[in-house]
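Engineer:
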Ligand SMILES: Nc1ncnc2c1ncn2[C@@H]1O[C@H](COP(=O)(O)OP(=O)(O)O)[C@@H](O)[C@H]1O
Ligand SMILES: Nc1ncnc2c1ncn2[C@@H]1O[C@H](COP(=O)(O)OP(=O)(O)O)[C@@H](O)[C@H]1O
Ligand SMILES: [Mg+2]
Ligand SMILES: [Mg+2]
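What follows is the structure in structure tokens.
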């Protein structure tokens, strides 16, 4: 929390000061019962001067309050945006800097991360809450002072507020539980709403006639998302109601006592007016302490999430201590030793005890049925997960001892579920090698290597065209075209040690696929391993080495011809596909 | 006010209860003012009976306040739920109601729809839904204060209230300028900033971001894009502050004058002590017409979001704040195969200069199985979307069983399709196969036919297919494809007469693909099938194959596998490329 404040002051000290204008306004507002008391006393004495002085003070407390508020709000909103952004940027950076993917795929991590990730301004909102809290507290303290000047008995009421603070713990527990219970249905709501406005999902919705069903699901999801909040509000407002009734009942007794004294002349009319006037304010004192504690806890929770993220990032960084840089070129190649992997809370291994040699300078084809673990292996090679067992050796050096950023900077490729970067075509491809991000020649070369020139040629503004239809002047691509851009992105780096292509041609037409594979064959370079995942045997046959995965295990390894001769699993699959062409 | 009308539409009962509570609370506050005045005023007279009577009134009113407030909080939560259900439904309707999908992929309207969706995710939107009662209550109490002051000098409360209203107006217009601007002028830049951030944090892009080391670069671009958008906005906001301060000075003068008048009247003896205390409170209460803090801001923002939503809806021909009349749900009555005809169809995407299809004619008799092949970007998917009536052709006609699927819901529902980028619902397996009601038989049969039985055995019908939910699981691409296939097959079982598969086997492994096509003919007997695929080994089994060329050339080859092989044209060449390895 201190961090939020510190950040606020750091990003803009003057604006932080201006935020306090609002606080000043609140204090003035809190003083108004006192002024009314003075005004009443003046009226009683028929003292015009006293009344005018009180009136002037009252005007100050209204007009000045508003003016100060306007200036303060402006400062506060801006500050909130600025601080929010500062944290948003940090959160995004932290999230993206964690080298592994568990925190983005595992439900238990996502629950914690989501609020920070999806609610932009989650911590800017925290600052807002913090400033509001300061304001209410300043107001509360001023009210207390006014009360004390009126009559000491009012202090009894303040003592009552302590009881309220005790029950505040429950409210907070309820709120926290509600927030957590609402997270998953909230996520579902977002997802379903996104589906209704996405063109691809929109097409399917219409053809299958899902329109009303989808809307029904959204309604259900929203209700599910809100239900915990409604329940916690019920409990909280019942609690608050009970507290207030207790408060005012006591207040009434005290007022009665004061009235008797006023009639006896030991309490002045002015004090009584101030006392009555300050009651509402006094009541809000305990509730503002409660809500202050409440909002601070909420802020604290978001801050805690932020800290969790930082700690998690540190933790992952601490586990991966490797700092060695990868070699300039591979001498021996990549060796996989008894590698096993299991996803988060999955019940079974996705890879079991895999041992493999991927010699430098070779093109290795990885084949296997869906779910065999091919993509998992690819991601492990990229260091996106930590193996559950075994290791990967790069020229004899354990991947765990390598600097991951350094290692990845010497890798390249395309993943099966590739990203669609809705930037300009130039940058969407150029991102594959940031050093030459804006160099059109290099991008054109990569497009050529990926047999994707015609994708860009067909764009209205060529490389400068923005991709994605939700952007002004943006253009959409077909699935195959996006895939080719992803491959081109993978072709940007000039001399990677390891090139992974995970089913790169699944969506491509025969001619493009063919010309691509001719280029892969050329891509065979000394000092590099090319790993190709594909179902197309016409491609596999050209590889130096074929690895057959089945249910997370390597069942066959060898050159194409050898495996065919073995009449095993591979030969079987090959025959199956070949039959279609004979 | 717009928001009230929406609330009313969303839940008349809860809105009415909330309104009743709000009004009662305002009345209690007004009476309390009078009560306190009378109570204090009766003190110097030391007529103790009267003092105690007013004391009792004040006591009861003091106790009533918190009870009303607590009830209002509970009611507001329910009201807000109903409101959110309603508004999200309106948003969803924007997406799904229009017959075509042009509004979702034309940059102009798509970006405005996106902006509305994003705005509904802002904190102020949910807060703003409840804030209305925090605004109405005080305003009503302000009316009470006017009523109290009217008998004294009717023009004073009106003038003071007017000056507060002026301040509030100026303040609100400043706020809405600041925030409407957020939605409009800087909207795209801010959205771009959010998008860049999402690339850093989303799972979809996580692998590439790490592989290519994009973190620093994306962070930098995110930061600079954001600052660029906001700096401009901040300037505008600051310059709008002047009029607010001016309005405040006007208000200060009016309020000061009002107090001075009371003072003069007291010294002149026309106003009693009780009156002075009541009136002083009432004048201060008129502040309620002024600026109302965060609740006001949140309300202004959510109102402007609602306005943007209403605008988008009206442009699409939807009622601004209520759902459109339900379309007649047409059930598919026939189960026979459908005939498909495209006559001289031309179509170009609005954002593209060149046409995706030009003057295309294709007739598919009922029950035929046809394959469409062609390079990426030839327009195969576009053709299919036209066939589903998702776009209207610029020229020519599209007919399914003689009816236009872009107009006739029944004709569209005769088509079952798996698009290239089919939907992956974050819902249980069951709903991913059939979203809606279906018998277990249909579900089971469809999944079996799609080769996804193993999936069912592993996960069961009720596992959510996303790891973002407790107990959820992710499927590999191939597994997903089977689910999508099952979805289409279930639609066929439900009466669709054309089955369209847009690259259904792209992510399937060899065995799965072979298994699929072995059963394909059997499963699709009795429907017209249109298959788009680059796997020519599967394509060859179709009754008829058409080759679609890119660049508006249209259909360049048309015939059975054997005919096209004999023709020795593009198809034969493509087939040769793929078959070469297997020719032994
Ligand atoms: N993020 C994930 N969380 C849990 N299980 C996963 C995840 N990704 C893949 N799996 C499971 O791991 C196994 C291997 O998947 P994958 O490597 O994608 O297979 P392939 O690429 O060979 O089709 C499958 O059973 C799949 O369901
Ligand atoms: N929503 C869209 N907006 C603009 N252009 C599009 C859109 N969808 C596809 N296109 C373009 O239309 C052409 C045909 O695309 P498509 O029908 O998807 O090809 P295919 O399915 O044959 O690969 C391509 O040049 C593609 O970039
Ligand atoms: Mg895979
Ligand atoms: Mg396509």
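Chains as they are written, first to last, in the numbering used here: chain A, 1 to 582; chain B, 1001 to 1584.
Just so you know, even glycine gets a beta-carbon here, dropped at the ideal spot from N, CA and C.
1. Should residue 26 of chain A be labelled buried (16 or more other beta-carbon atoms within 10 Å of its own) or exposed?
2. Near residue 32 of chain A, what residues of its chain come up, given a Cβ to Cβ distance below 7 Å and the 5 sequence neighbours on each side ignored?
3. Closer than 6 Å by C-beta to residue 353 of chain A: which residues in its own chain qualify, once you throw out the five before and the five after it? Chain order, please.
4. In this structure, how does DSSP classify residue 1215 of chain B when only helix, strand and coil are distinguished?
5. Could you say if the segment 239–252 of chain A and the segment 1059–1068 of chain B meet the contact criterion of at least three C-beta pairs nearer than 8 Å?
6. Can we count residue 374 of chain A as close to ligand 3, meaning its CB is less than 7 Å from some heavy atom?
7. Tell me the rounded alpha-carbon separation between residue 1192 of chain B and residue 111 of chain A.
8. Enumerate in chain order the residues of its own chain whose CB-to-CB distance from residue 397 of chain A is below 7 Å, with the five nearest sequence positions on each side excluded.
9. From which residue to which residue does the beta strand (DSSP E) around residue 334 of chain A run?
10. Applying the 10 Å Cβ sphere with the 16-neighbour rule, what's the burial state of residue 1534 of chain B?
11. Please return the same chain residues whose Cβ sits closer than 7 Å to the Cβ of residue 563 of chain A, not counting the five positions on each side in sequence.
12. Could you tell me whether the segment 360–378 of chain A touches the segment 1474–1482 of chain B, where touching means 3 or more Cβ pairs closer than 8 Å?
13. Quick one: residues in its chain with C-beta nearer than 7 Å to the C-beta of residue 447 of chain A, no 5 flanking neighbours on either side, listed in chain order?
14. Quick check: the Cα distance between residue 183 of chain A and residue 1146 of chain B, rounded to an integer number of angstroms?
15. Given that a residue counts as buried once 16 or more other Cβ atoms are within 10 Å of its Cβ, and exposed if not, what is residue 1560 of chain B?
16. Given a cut-off of 8 Å, decide if residue 1494 of chain B and residue 1288 of chain B are closer than it, judged by their beta-carbon atoms.
17. With distances taken from each beta carbon to the nearest heavy atom of ligand 2, which residues come in below 6 Å, in chain order?
18. For residue 271 of chain A, count the other beta carbons within 10 Å of its own beta carbon; 16 or more makes it buried, fewer makes it exposed. Which is it?
19. With a threshold of 8 Å between beta carbons, is residue 450 of chain A in contact with chain B?
20. Given that residue 1101 of chain B touches chain A, what residues does it touch there, using C-beta distances under 8 Å?
21. Is it right to say residue 610 of chain A is buried, meaning 16 or more other beta carbons lie within 10 angstroms of its own, or is it exposed?
22. Grab me the residues of residue 1356 of chain B's own chain with a C-beta within less than 7 Å of its C-beta, minus the 5 sequence neighbours each way, in chain order.
23. Indicate the three-state DSSP secondary structure (helix, strand or coil) for residue 1368 of chain B in the structure shown.
24. Ligand 1 and residue 346 of chain A: does any heavy atom of the ligand fall closer than 7 Å to the residue's C-beta?
25. Compute the distance between the beta-carbons of residue 360 of chain A and residue 528 of chain A, then report whether it is under 8 Å.
26. Residue 192 of chain A: which of A:307, A:218, A:211, A:206 sits nearest, CA to CA?
27. Given a cut-off of 8 Å on the beta-carbon distance, is the pair residue 511 of chain A and residue 1577 of chain B in contact?
28. Can you tell me the Cα-Cα spacing of residue 280 of chain A and residue 87 of chain A, whole angstroms?
29. If the criterion is Cβ atoms closer than 8 Å, does the pair residue 583 of chain A and residue 411 of chain A meet it?
30. Which whole runs of the alpha helix (DSSP H) in the segment 418–457 of chain A are 4 residues long or more, in chain order?
31. Does residue 405 of chain A get closer than 8 Å to chain B when you measure Cβ to Cβ?
32. Starting from residue 1398 of chain B, trace the beta strand (DSSP E) in both directions and tell me its first and last residue.
33. Report buried or exposed for residue 1224 of chain B, applying the criterion of at least 16 other Cβ atoms within 10 angstroms of its Cβ.
34. In or out: residue 1393 of chain B buried (at least 16 other Cβ within 10 Å) or exposed?
35. Can the beta-carbon of residue 259 of chain A be found less than 8 Å from the beta-carbon of residue 1259 of chain B?
36. Using a Cβ-Cβ cut-off of 8 Å, state whether residue 1376 of chain B counts as contacting chain A.
Structural biologist: Taking the geometry as given:
1. On the first chain, position 26 is the one that residue 26 of chain A refers to. Residue 26 of chain A is buried by the Cβ-count criterion.
2. For the purposes of this step, residue 32 of chain A is taken as the residue at position 32 of the first chain. Around residue 32 of chain A: 58, 61.
3. Position 353 of the first chain, counted from the start, is the residue given in the question as residue 353 of chain A. 338, 340, listed in sequence order.
4. The residue given as residue 1215 of chain B occupies position 215 in the second chain. Residue 1215 of chain B falls in the helix class under three-state DSSP.
5. yes
6. Translated into the one-based positions of the first chain, residue 374 of chain A becomes position 374. Answer for residue 374 of chain A: yes, Cβ within range of ligand 3.
7. Counting from one through the second chain, the residue named residue 1192 of chain B turns up at place 192. Counting from one through the first chain, the residue named residue 111 of chain A turns up at place 111. Computed Cα separation, rounded: 26 Å.
8. Counting from 1 along the first chain, the entry for residue 397 of chain A is found at position 397. Answer for residue 397 of chain A: 324, listed in chain order.
9. Translated into the one-based positions of the first chain, residue 334 of chain A becomes position 334. Residue 334 of chain A -> beta strand (DSSP E) spans 333–341.
10. Locating residue 1534 of chain B in the second chain gives position 534, counting from the first residue. Residue 1534 of chain B should be labelled buried.
11. In the first chain, the residue the question calls residue 563 of chain A occupies position 563. Within the same chain, residue 563 of chain A has close Cβ partners 546, 556, 570, 571.
12. yes
13. Residue mapping note: residue 447 of chain A aligns to position 447 of the first chain, counting from 1. 429, 453, 456, 488.
14. The residue labelled residue 183 of chain A in the question sits at position 183 within the first chain. The residue labelled residue 1146 of chain B in the question sits at position 146 within the second chain. Taking the straight line from one Cα to the other gives about 46 Å.
15. Residue 1560 of chain B sits at position 560 when you count from the first residue of the second chain. Under this definition residue 1560 of chain B is an exposed residue.
16. Numbered from 1 along the second chain, position 288 holds the residue referred to as residue 1288 of chain B. Numbered from 1 along the second chain, position 494 holds the residue referred to as residue 1494 of chain B. No, they are not a contact pair.
17. A:458, A:469, A:475, A:476, A:477, A:478, A:480, A:481, B:1105, B:1349, B:1351, B:1352, B:1356, B:1374, B:1376, B:1377, B:1378, B:1379, B:1380, B:1381, B:1382
18. In the first chain, the residue the question calls residue 271 of chain A occupies position 271. Residue 271 of chain A should be labelled buried.
19. Stepping through the first chain from its first residue, residue 450 of chain A is reached at position 450. Not one chain B Cβ lies under 8 Å of residue 450 of chain A.
20. Sequence index remark: in the second chain, residue 1101 of chain B carries index 101 (1-based). Simply 199, 202, 203, 206.
21. Not covered by the structure: residue 610 of chain A. The range shown for chain A is 1 to 582.
22. Here residue 1356 of chain B is taken as the residue at index 356 of the second chain, counted from 1. Excluding positions up to five away in sequence, the list reads 1347, 1348, 1349, 1379, 1382.
23. To locate residue 1368 of chain B, count along the second chain from 1; it is residue 368. Coil.
24. Along the first chain, read from residue 1 onward, the residue named residue 346 of chain A stands at position 346. Yes, Cβ of residue 346 of chain A sits closer than 7 Å to a heavy atom of ligand 1.
25. One-based indexing of the first chain puts residue 360 of chain A at position 360. One-based indexing of the first chain puts residue 528 of chain A at position 528. Contact: yes.
26. Residue 192 of chain A sits at position 192 when you count from the first residue of the first chain. Taking only the C-alpha atoms, the option nearest residue 192 of chain A is A:218.
27. Residue mapping note: residue 511 of chain A aligns to position 511 of the first chain, counting from 1. Residue mapping note: residue 1577 of chain B aligns to position 577 of the second chain, counting from 1. Cβ atoms of residue 511 of chain A and residue 1577 of chain B: closer than 8 Å.
28. In the first chain, counting from the first residue as 1, residue 280 of chain A sits at position 280. In the first chain, counting from the first residue as 1, residue 87 of chain A sits at position 87. Approximately 38 Å, taken between the alpha carbons.
29. Beyond the ends of chain A as shown, which are 1 and 582, falls residue 583 of chain A; an answer cannot be given.
30. 425–430, 440–449, 453–457
31. If you number the first chain from 1, residue 405 of chain A lands on position 405. Chain B, which has a Cβ nearer than 8 Å to the Cβ of residue 405 of chain A, makes this yes.
32. Taking the first residue of the second chain as 1, we reach residue 1398 of chain B at position 398. Segment 1395–1400, the beta strand (DSSP E) holding residue 1398 of chain B.
33. Translated into the one-based positions of the second chain, residue 1224 of chain B becomes position 224. By the 10 Å Cβ count, residue 1224 of chain B comes out exposed.
34. Start at 1 with the first residue of the second chain, and residue 1393 of chain B comes out as number 393. Counting Cβ neighbours within 10 Å, residue 1393 of chain B comes out buried, since at least 16 surround it.
35. Reading the first chain from its first residue, position 259 is the one you call residue 259 of chain A. Reading the second chain from its first residue, position 259 is the one you call residue 1259 of chain B. Not closer than 8 Å, so no.
36. To locate residue 1376 of chain B, count along the second chain from 1; it is residue 376. Chain A contact via Cβ: present.
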